[in-house]
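Numbering (my numbering), first residue to last: 3 to 398.
Before any comments, here is the structure.
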Amino acid sequence: MEYTEFIIIVNVSSIIILSMMAILLCIAARFKGESSYATLIIALTTIPIYTYNVCHSMELYEVALYFSPIAFSINLASMPLLWMLAHRSFNPLFRFKPIQLWHFAPSLLLLVLFGVCVISQPAENRYDFMIQGNTGDNYWLDNINYIILIIQLVCYFYVIFRYLRKVKHYMLEYHSMAELYRKTWVPRFIVLFALIFIVEMICYVFCPIVNAWLPQLLTIIVMGYLLYSELSIAFLNRGQKDKHLYADVIAKLEVEFVENQVKLHSESDNSNYNLKQLQEYARQVEDYLSTSEAYINPNLSLKEVASAIGISSKNLSKAINAVLDKNFFDLVNGFRIEKSKVLLLTKKEKGLTLETIAEQCGFNSRVTFNNAFKKSIGMTTTNWVKLNSGNSDNSI
């Protein structure tokens with residue numbers, strides 16, 4: 003088998019395998035969530051490059067010419083997208099803003115620069131850089147791409163890992179164990195992504211021609227890990243939906259889980275808080291939120307609730323996570339959603355708008371309210387009102 007044939011086989015196989023994995027991942031994740039976002043990062047930043055490699059190796063230069071601008075620039079978008087994945091996964095308030103488009107400036111700049119360079123050349127010279135690539139030589143824009151990518155790797159991975167280290171303690175304090183389990187794959191995925199990039203860069207320095215086949219094989223490994231993680235989470239979710247089939251077993255496991263969590267916290271901070279104490283704290287926080295309606299404050303914090311009840315923020319967080327198996331924000335949003343249900347059913351009679359309901363229940367905006375409602379109830383406010391009022395004419 004000749005080297006060119008080997009490159010074609012590897013790239014075609016990678017395109018097929020990655021496409022199938024991407025479809026399976028999106029189906030398993032229901033086309034939403036961090037795993038779907040990570041899938042798009044991998045697919046969108048690799049498949050165009052592999053397609054270019056196939057056309058290039060088969061000497062289909064006219065076809066390759068259309069993929070070449072993307073192939074020489076799309077990989078520069080992978081690091082900004084990875085940075086957004088980290089923030090999107092652990093920051094519930096993260097929203098993409100137009101100003102953040104500057105992260106993609108290097109990719110767009112190289113895309114335009116490459117397109118201009120190709121168009122400005124005589125038609126008979128436009129394929130010279132492709133032919134040079136077959137001999138192992140590098141087109142000068144490829145070298146620029148490599149330099150920018152190295153700078154991005156250093157800067158973005160430093161910022162990403164610093165951010166993950168910063169939120170590690172926050173996650174342990176404010177997120178439920180089930181939620182932590184569903185998010186542990188994110189930092190592992192980023193670490194794996196970093197290791198693969200490092201391997202690619204080192205190999206590229208000593209043998210640039212491996213860039214036509216080595217990244218493809220390593221990318222399949224990353225996508226495979228992502229698929230494994232998502233399927234594990236999917237099975238976990240299905241198990242939670244089938245709780246009623248194994249109620250007795252699940253109840254025993256939940257008791258053991260809570261006791262283990264209490265034991266773990268007690269050993270780690272030398273405290274003597276037992277299960278009954280945490281259960282009492284959980285009852286107190288639920289009673290307080292229910293009677294005081296403090297949750298209508300959109301800026302309500304764990305510290306404020308703990309101060310009102312008279313216990314430490316740390317112990318309250320333990321109680322919410324271990325006993326209620328929720329994080330503080332989900333607990334508060336649960337009360338807000340229950341209040342919104344009452345207002346939604348009387349919306350038409352009282353002349354309320356969704357913005358008014360969101361404000362009265364403690365949400366910062368209508369969008370935040372809609373997202374929280376759908377996440378909690380599993381349907382939109384419109385569908386819920388129709389289902390519970392029995393009047394299909396209700397409109398929200």
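Just so it is clear, CB atoms sit at the ideal spot from N, CA and C, and this is done for glycine as well.
As the structure is a computational prediction, the values presented were derived from the model and not from experiment.
What separation, rounded to the nearest whole angstrom, lies between the Cα atoms of residue i and residue j?
i, j, result
"Asn317", "Val207", "52 Å"
"Thr47", "Phe331", "34 Å"
"Lys99", "Ile298", "27 Å"
"Glu357", "Ser367", "7 Å"
"Val334", "Phe199", "41 Å"
"Leu111", "Tyr148", "14 Å"
"Ala296", "Gln279", "23 Å"
"Ser91", "Thr186", "10 Å"
"Cys57", "Thr221", "20 Å"
"Cys209", "Phe33", "38 Å"
"Glu61", "Glu7", "12 Å"
"Lys377", "Val325", "21 Å"
"Ser59", "His89", "39 Å"
"Arg167", "Phe159", "12 Å"
"Val169", "Leu277", "27 Å"
"Val399", "Glu340", "Because the chain here runs from 3 to 398, residue 399 falls outside it and cannot be looked at."
"Arg190", "Tyr165", "14 Å"
"Asp289", "Ala308", "13 Å"
"Ile311", "Lys349", "33 Å"
"Met22", "Tyr230", "14 Å"
"Ile146", "Val156", "16 Å"
"Leu354", "Ser294", "23 Å"
"Arg285", "Glu306", "17 Å"
For residue i, collect the residues of the same chain with a Cβ closer than 7 Å to its Cβ; drop the 5 residues on either side in sequence, then sort them by chain order.
i, result
"Tyr5", "none"
"Ala214", "Ile9 and Asn55"
"Tyr283", "Ile313, Asn317, Leu318 and Ala321"
"Val161", "Trp85"
"Asn272", "Low local confidence applies: a pLDDT of 40 at Asn272 is under 50, so the model's placement there is unreliable, with the coordinate-based value given in what follows. For Asn272, where only same-chain residues beyond five positions count, there are no Cβ hits under 7 Å."
"Phe106", "Ala79 and Pro82"
"Ser15", "none"
"Ile152", "Met203"
"Phe96", "His89 and Arg90"
Return the Cβ separation of residue i and residue j in integer angstroms, given the expectation that the two are a contact with Cβ distance under 8 Å.
i, j, result
"Phe365", "Pro300", "6 Å"
"Leu20", "Ala45", "6 Å"
"Cys205", "Leu197", "Actually they are not in contact, since the Cβ atoms of Cys205 and Leu197 sit about 13 Å apart, beyond 8 Å."
Would you decide whether residue i is buried or exposed? Buried here means 16 or more other CB atoms lie within 10 Å of its CB.
i, result
"Gln154", "buried"
"Leu291", "buried"
"Glu351", "exposed"
"Glu202", "buried"
"Tyr68", "exposed"
"Ile192", "buried"
"Asn390", "exposed"
"Thr53", "buried"
"Ser342", "buried"
"Phe375", "buried"
"Val369", "exposed"
Near residue i, what residues of its chain come up, given a Cβ to Cβ distance below 8 Å and the 5 sequence neighbours on each side ignored?
i, result
"Leu194", "Ile223, Val224 and Tyr227"
"Pro71", "Leu113, Phe116, Gly117 and Val120"
"Ile150", "Leu78, Pro108 and Leu112"
"Leu26", "Leu229"
By Cβ distance, which residues of its chain are closer than 6 Å to residue i, with the 5 residues on each side in sequence left out?
i, result
"Ala31", "Ser37, Ser38 and Glu232"
"Asn385", "none"
"Leu143", "Phe74 and Phe116"
"Arg338", "Tyr297, Cys363 and Gly364"
"Ala24", "Thr41 and Ala45"
Would you call the CB atoms of residue i and residue j closer than 8 Å?
i, j, result
"Leu87", "Ile43", "yes"
"Asn1", "Gln218", "This structure leaves residue 1 out entirely; the chain is present only between 3 and 398."
"Ser315", "Leu302", "no"
"Val387", "Leu345", "no"
"Ile11", "Pro50", "no"
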